[in-house]
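Please read the structure below before turning to the comments.
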Amino acid sequence: MTAERKAAAEERIVLEEERIYRRGTVSVRDLIAPASFQVTPDFVRLGGTYVRSLFIVNYPRYINVGWFAPVINMNRVLDVSMYFYPVKTAIILKQLKKKVGALEAQILSDQEKGAPRDPIRETALRDIEGLRDSLSQGTEKFFQYALYITVYAASKEELDKISDDVEQLFGNKLVLSKRVYYQAEQGFNSTMPLNNDELMIPFNMNSSPCASSFPFISSELTSNDGILYGINRHNNSLILFDRFSLQNANMVVFATSGAGKSYAVKLQVARSLMFGIDVIVIDPEMEYKHLSDAVGGTYINVSLASDAKINPFDLPRPASGEEFSAEDIIRSAVITAKGLLKLMIGPFTTEEDAIIDRGLLECYAKKDITPSTDLSKLTVKDMPIMQDLQQILSGMVGGGPLGERLKKYTEGTFAGLLNSPTNVEMGNQLVIFSVRDLEDELKPIAIYTIVNYIWNVVRSEKKKRILVVDEAWWLMQREDSAKFIFALVKRCRKYFLGVTTITQDVNDFLTSPYGKAIVTNSALQLLLKQSPAAIDLIQQTFLLTQGEKFLLLESGPGEGIFFAGAKHVAIKVVASYTEDQLITSNPQQLLEIEAAKKEFEEAMGEKEGEKVISEK
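Here the sequence shown stands for residues 3 to 618, where the numbers follow our numbering.
Printed below as a string of structure tokens:
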């Protein structure tokens with residue numbers, strides 16, 4: 003016995019020592035537990051945080067899908083718990099049968115007395131009969147459904163305000179909610195992820211309205227990669243997205259004049275540059291010049307008198323390691339050149355098409371470019387120019403009239419545009435082509451040529467690039483150029499290129515078959531403020547709800563709807579002060595910036611002068 007007592011005493015000593023040791027350690031519960039827990043009749047105080055729970059008492063006769071969305075998307079910290087208690091169908095059918103008998107008896111009694119009919123009883127009878135049919139057929143199930151919401155705030159005043167906001171949102175949907183009184187702790191426990199309903203305040207409901215309450219409507223569009231596109235207007239979260247993570251990296255931007263479409267795209271360009279993505283821009287109004295100067299980009303002004311030249315007959319340089327056929331490349335270049343010639347001299351007859359086809363092949367052959375040529379060894383000086391084609395057509399049987407029509411591009415007024423070897427470089431991370439100084443007649447031709455040149459460069463080296471085509475309606479005016487830009491949008495994915503198409507002429511763009519196809523092949527879409535004349539077509543094309551339609555009509559500059567694949571949210575484009583100074587299109591701001599730059603240069607000049615005098 004003495005030995006047993008001794009062993010028990012030693013065990014007690016060990017247990018006491020372990021208890022003392024554990025008392026000095028920090029557990030996970032110690033880390034997550036609040037400093038204090040105070041329970042009052044209508045709220046709980048966790049440390050410095052005020053907590054209140056609410057529950058749903060009653061629902062209207064009809065509730066729509068997504069009715070819970072305004073609460074879920076509140077810019078507040080809240081917890082939501084839903085408890086579903088299945089009820090056996092046989093029990094409910096038995097209760098409903100009794101209820102039907104009672105209602106029918108009351109209705110018959112009123113009829114016998116000659117009393118006016120009671121619409122409320124008749125409606126209740128129809129609803130119960132419909133529910134009985136659904137339960138009997140197995141298309142509906144029956145539940146007791148409890149919905150609790152717990153809100154958090156830093157002060158009692160803020161807690162009351164949030165509670166009022168939640169109750170108002172429910173009231174707008176004719177849903178009656180109440181605050182939890184004298185069970186504040188139980189309400190808090192019921193919304194913790196413990197599956198422990200301590201309130202037990204359920205409401206009888208069949209499966210369809212239960213499903214409509216489930217929050218499949220959180221409007222989040224945030225990822226760990228990509229650039230900031232703007233602020234989510236539903237809940238003020240950030241819209242961060244990597245366009246290259248989608249099935250394609252193409253984007254369309256539709257808005258009225260002054261709605262901020264160019265501003266939004268310039269912001270995307272500036273932010274994409276920080277991620278090492280090459281950006282190429284076709285700028286019809288010289289809006290990107292200031293941004294180019296600020297980031298050290300290459301700005302190429304394409305005009306009749308400029309030194310920058312692009313040869314439409316250039317062939318793409320094959321990418322290293324890629325199998326290619328010289329014959330296929332030449333034939334593709336001929337097809338592209340014929341599309342350009344249709345823009346330049348108008349549609350061809352069948353005979354003229356055959357003559358030009360033969361003339362283009364002879365044009366390349368004249369420069370020793372044939373299917374057996376090693377294209378990788380050719381330079382821009384080895385390529386034919388417009389003058390070569392014009393001379394060949396003039397010497398062909400039946401080609402004389404075509405040669406005469408081309409003369410104005412080789413000897414006439416427009417000779418300075420397309421009749422020289424290419425001398426521009428695309429080595430910079432940001433390259434901008436400006437066509438502002440061209441006549442309207444020449445802009446579609448120049449943009450077509452520039453896009454073709456860019457496409458040749460893109461195919462020669464695969465890396466992340468973005469091509470921005472501002473005022474794309476210039477290309478959509480003619481079928482050949484519209485077909486060309488659609489082919490580019492469709493094929494660019496395999497070369498890691500994302501095409502951003504911007505237009506304000508929404509009706510013409512979407513009524514074109516190629517315009518609709520471009521939208522279909524663009525995984526990203528940004529819709530800013532729209533005009534009433536175009537909104538119905540926009541709604542039909544993008545399957546917008548009535549609420550989204552009116553949102554686009556009433557949006558301010560930089561506000562609209564952002565689509566990314568199957569998701570879409572309301573967006574507000576925001577920029578920092580520095581970004582705004584780089585990308586603004588506001589004439590007043592631009593004048594102020596230019597004045598500040600001039601003042602700075604003058605001040606620096608005066609300092610240099612003072613420095614020279616002091617050295618003397």
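C-beta: ideal position from N, C-alpha, C; glycine also.
Spatial distance of residue i from residue j (CA atoms)
{"i": "residue 353", "j": "residue 374", "result": "28 angstroms"}
{"i": "residue 466", "j": "residue 331", "result": "23 angstroms"}
{"i": "residue 38", "j": "residue 49", "result": "5 angstroms"}
{"i": "residue 572", "j": "residue 539", "result": "19 angstroms"}
{"i": "residue 412", "j": "residue 455", "result": "20 angstroms"}
{"i": "residue 504", "j": "residue 474", "result": "6 angstroms"}
{"i": "residue 576", "j": "residue 551", "result": "22 angstroms"}
{"i": "residue 97", "j": "residue 86", "result": "20 angstroms"}
{"i": "residue 406", "j": "residue 453", "result": "27 angstroms"}
{"i": "residue 487", "j": "residue 254", "result": "13 angstroms"}
{"i": "residue 126", "j": "residue 148", "result": "23 angstroms"}
{"i": "residue 443", "j": "residue 372", "result": "34 angstroms"}
{"i": "residue 381", "j": "residue 250", "result": "32 angstroms"}
{"i": "residue 541", "j": "residue 285", "result": "29 angstroms"}
{"i": "residue 300", "j": "residue 480", "result": "29 angstroms"}
{"i": "residue 114", "j": "residue 69", "result": "42 angstroms"}
{"i": "residue 111", "j": "residue 57", "result": "38 angstroms"}
{"i": "residue 314", "j": "residue 340", "result": "10 angstroms"}
{"i": "residue 257", "j": "residue 531", "result": "5 angstroms"}
{"i": "residue 555", "j": "residue 369", "result": "57 angstroms"}
{"i": "residue 362", "j": "residue 439", "result": "29 angstroms"}
{"i": "residue 5", "j": "residue 29", "result": "37 angstroms"}
{"i": "residue 515", "j": "residue 476", "result": "15 angstroms"}
Residue i: first and last residue of the uninterrupted alpha helix (DSSP H) it sits in
{"i": "residue 99", "result": "91-115"}
{"i": "residue 341", "result": "328-347"}
{"i": "residue 52", "result": "Unbroken run through residue 52 is the beta strand (DSSP E), 51-60; no alpha helix (DSSP H)."}
{"i": "residue 32", "result": "30-34"}
{"i": "residue 561", "result": "Unbroken run through residue 561 is the beta strand (DSSP E), 561-566; no alpha helix (DSSP H)."}
{"i": "residue 253", "result": "Looking at the DSSP string, residue 253 is not in any alpha helix (DSSP H); the run it does join, the beta strand (DSSP E), is 253-256."}
{"i": "residue 138", "result": "121-139"}
{"i": "residue 517", "result": "515-522"}
{"i": "residue 158", "result": "158-174"}
{"i": "residue 387", "result": "It is not in any alpha helix (DSSP H) - residue 387 carries neither H nor E in the DSSP assignment."}
Residue span of the beta strand (DSSP E) that contains residue i, given as start and end
{"i": "residue 151", "result": "144-155"}
{"i": "residue 209", "result": "It is not in any beta strand (DSSP E) - residue 209 instead sits in the alpha helix (DSSP H) that spans 209-215."}
{"i": "residue 302", "result": "300-303"}
{"i": "residue 529", "result": "526-530"}
Of the listed residues the options, nearest to residue i (C-alpha basis)
{"i": "residue 441", "options": "180, 477, 108 and 306", "result": "306"}
{"i": "residue 357", "options": "14, 399, 70 and 201", "result": "399"}
{"i": "residue 281", "options": "471, 262, 16 and 51", "result": "471"}
{"i": "residue 63", "options": "513, 9, 555 and 177", "result": "177"}
{"i": "residue 338", "options": "490, 422 and 304", "result": "490"}
{"i": "residue 493", "options": "461, 438 and 482", "result": "461"}
{"i": "residue 159", "options": "351, 51, 208 and 107", "result": "51"}
{"i": "residue 202", "options": "150, 209 and 245", "result": "150"}
{"i": "residue 508", "options": "498, 543 and 524", "result": "543"}
{"i": "residue 457", "options": "425, 496 and 436", "result": "496"}
{"i": "residue 83", "options": "523, 199 and 154", "result": "199"}
{"i": "residue 243", "options": "570, 316 and 607", "result": "570"}
Environment of residue i [buried if 16+ CB atoms lie within 10 Å]
{"i": "residue 225", "result": "exposed"}
{"i": "residue 334", "result": "exposed"}
{"i": "residue 563", "result": "buried"}
{"i": "residue 446", "result": "buried"}
{"i": "residue 252", "result": "buried"}
{"i": "residue 152", "result": "buried"}
{"i": "residue 190", "result": "buried"}
{"i": "residue 560", "result": "buried"}
{"i": "residue 547", "result": "exposed"}
{"i": "residue 180", "result": "exposed"}
{"i": "residue 195", "result": "exposed"}
{"i": "residue 304", "result": "buried"}
{"i": "residue 263", "result": "buried"}
{"i": "residue 142", "result": "buried"}
{"i": "residue 478", "result": "buried"}
{"i": "residue 216", "result": "exposed"}
{"i": "residue 117", "result": "exposed"}
{"i": "residue 605", "result": "exposed"}
{"i": "residue 557", "result": "buried"}
{"i": "residue 232", "result": "buried"}
Below-8 angstroms beta-carbon distance, residue i vs any chain C residue
{"i": "residue 553", "result": "Protein chains in the displayed structure number just one, and chain C is not present."}
Decide yes or no for the touch test of the segment 266-274 against the segment 571-590: beta carbon pairs closer than 8 angstroms, at least 3 of them.
yes
Indicate whether the contact test is met: 3 or more Cβ pairs, each with one atom in the segment 387-394 and one in the segment 427-437, closer than 8 angstroms.
no
Open item on the list: Closer than 8 angstroms is the cut-off here; do at least three beta carbon pairs connect the segment 118-130 with the segment 88-106?
Closed with: yes
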